[in-house]
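*Asks:* Dropping a structure here in structure tokens format, bear with me for questions.
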Amino acid sequence: MRTYNSATVEKNLKSKTEGFHARARAAKEAHRAKRDEILADDRLTREAKQEDLTKLAELTNNQLRSIKEEQVAFVNGLRSEIERAVLGNQPTDANSVLLRRDAADRARRIKDEKEAVEVLNDAARSGDESLAHAVGYRARNSGWIDALEAYRAVQPTGAENATALAVVENLSSDTGYNLANQINYAEVSGS
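For what it's worth, our numbering labels the leading residue of the sequence shown as 216, then goes sequentially.
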């Protein structure tokens with residue numbers, strides 16, 4: 216199973232996002248230069264200038280949408296890769312599917328963090344990776360710090376991947392990320 220380091224994932228996300236934003240800024244700068252060129256052309260009538268400006272805005276906005284879609288596809292692809300790493304090797308035989316389903320059901324019935332730690336310790340002693348993963352997932356989603364530490368002890372690779380996944384999942388609530396997207400992908404005007 217591949218291990219994703221949360222710091223590396225965060226650095227990669229930042230680098231790639233900055234690249235997408237730089238492309239968007241370049242498209243907007245090219246738009247401004249072409250817009251100034253159209254407005255300075257004395258051979259064009261006011262109507263012809265407006266028509267050219269409208270076409271230019273449409274072209275630039277299509278470029279911006281395309282770059283944003285590439286960024287979204289990159290983030291979704293990375294999330295999908297890390298999710299597969301978190302899940303690990305998932306045999307599809309009936310018995311394995313049943314074990315995972317039962318482990319998820321048992322994890323959902325855990326009432327508190329103390330019980331989660333106890334179940335994780337039992338899973339580690341018995342070598343039940345499905346149960347350990349299910350409880351680790353529950354602990355991560357419930358914000359149970361001690362249970363997450365216990366999960367890290369019994370499943371260090373799974374825990375590191377889960378932390379990296381949280382970096383990607385929390386991106387949508389990152390104010391700086393959202394603001395940068397709004398600024399860089401804001402549509403240009405056709406006038």
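Every residue gets a Cβ at the ideal spot worked out from N, C-alpha and C, and that includes glycine.
Every value quoted in this text rests on a predicted model; they were computed, and no experiment measured them.
When burial is assigned at 16 or more other CB atoms within 10 Å of the CB, is arginine 355 buried or exposed?
*Replies:* It counts as buried.
*Asks:* Can you round the beta-carbon distance between tyrosine 219 and alanine 379 to whole angstroms, since I take them to be within the 8 Å contact cut?
*Replies:* Right, their Cβ atoms sit about 4 Å apart.
*Asks:* At the level of alpha carbons, what is the spacing between leucine 363 and serine 387?
*Replies:* One C-alpha to the other measures close to 23 Å.
*Asks:* If you draw a straight line from the C-alpha of serine 404 to the C-alpha of histidine 236, how long is it?
*Replies:* C-alpha separation (whole angstroms): 19 Å.
*Asks:* What do you get for arginine 250, buried or exposed, if any count of 16 or more other CB atoms within 10 angstroms of its CB means buried?
*Replies:* Classification of arginine 250: buried, given that the 10 Å Cβ count is 16 or more.
*Asks:* Quick one: what's got a C-beta closer than 6 Å to arginine 217's C-beta in the same chain, skipping five residues either side?
*Replies:* The answer, listed in chain order, is Ala300.
*Asks:* Check whether the stretch 343 to 362 and the stretch 327 to 335 are in contact - that is, three or more C-beta pairs closer than 8 Å.
*Replies:* Verdict: yes, contact present.
*Asks:* Measure the CB-CB distance between leucine 314 and serine 345 and report whether it falls below 8 Å.
*Replies:* Yes, these two residues count as a Cβ contact at 8 Å.
*Asks:* Which word fits aspartate 343, buried or exposed, when buried means at least 16 other C-beta atoms lie within 10 angstroms of its C-beta?
*Replies:* Aspartate 343 comes out buried.
*Asks:* Taking only runs of the alpha helix (DSSP H) that begin and end inside the stretch 306 to 345, which ones reach a length of at least 4 residues, in chain order?
*Replies:* Complete alpha helix (DSSP H) runs here, min 4: 309 to 323, 328 to 341.
*Asks:* Counting only the same chain and skipping the five closest in sequence on each side, list residues whose C-beta sits under 8 Å from that of lysine 264.
*Replies:* Cβ neighbours of lysine 264 beyond the five flanking positions: Ile253, Leu254, Asp256.
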